[in-house]
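> Residue numbers (my numbering): 33 to 208.
Heads up, the beta-carbon is just placed ideally off N, CA and C, and yes, glycines get one too.
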Ligand SMILES: [Zn+2]
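#1: Need the endpoints of the alpha helix (DSSP H) that residue 102 sits in, please.
#2: Curious, which full-length beta strand (DSSP E) runs of at least 3 residues does the segment 70-148 contain?
#3: Shorter than 6 Å, the distance from the beta carbon of residue 210 to the closest heavy atom of ligand 1, or not?
#4: Nearest to residue 83 by alpha carbon, out of 160, 168 and 184?
#5: I need the boundaries of the beta strand (DSSP E) containing residue 66, first residue and last residue.
#6: By the DSSP assignment, the alpha helix (DSSP H) with residue 59 in it spans what residues?
#7: By Cβ distance below 6 Å, which residues in the same chain neighbour residue 189 in space, the five residues on each side in sequence not counted?
Structure below.
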């Protein structure tokens, strides 16, 4: 991989070349005679709101290791996003929710240091619609409810999420 994506064609293994296509510099396979398009990777997560707090997990993987973030993960290739969001919630926090019970809330678009981008599809649900007690899964260091203004320098929120958390608490919390 380089800053532009793959070096070799994922289909035939030929070396990709640079080519201007549809107004952008893209990688192109001369053997397959087609561009190798780069797309953001879809990811899905569930925001569980209890009172004026939202359930977050402490990250063990880049980016922002050690910060608190939304329980979310990559979709399997054949998995609808609401099912992925419910699965990731259970894997990372132990809470079980019916995928049909979560509402589509918003999206986030996150750039990583390696030049890739992730499209995060975020669902929301009230705590009462979930079952279980929050417990950090194998790929989280912690899982607990936080008020949006309670996160500090010692327990930072992953950058870019504060306004979104305030909004989901307003809509799904006690005041909503
Ligand atoms: Zn090829």
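Short version:
#1: Residue 102: not part of any alpha helix (DSSP H); DSSP gives it neither H nor E.
#2: Fully enclosed beta strand (DSSP E) runs of 3 or longer: 73-82, 85-91, 104-106 and 135-143.
#3: Nothing can be reported for residue 210: it is not among the residues displayed for the chain, which extend from 33 to 208.
#4: Considering only 160, 168 and 184, the residue with the shortest C-alpha distance to residue 83 is 160.
#5: 66-68
#6: Here residue 59 belongs to no alpha helix (DSSP H); instead the beta strand (DSSP E) covers 56-61.
#7: 100 and 183
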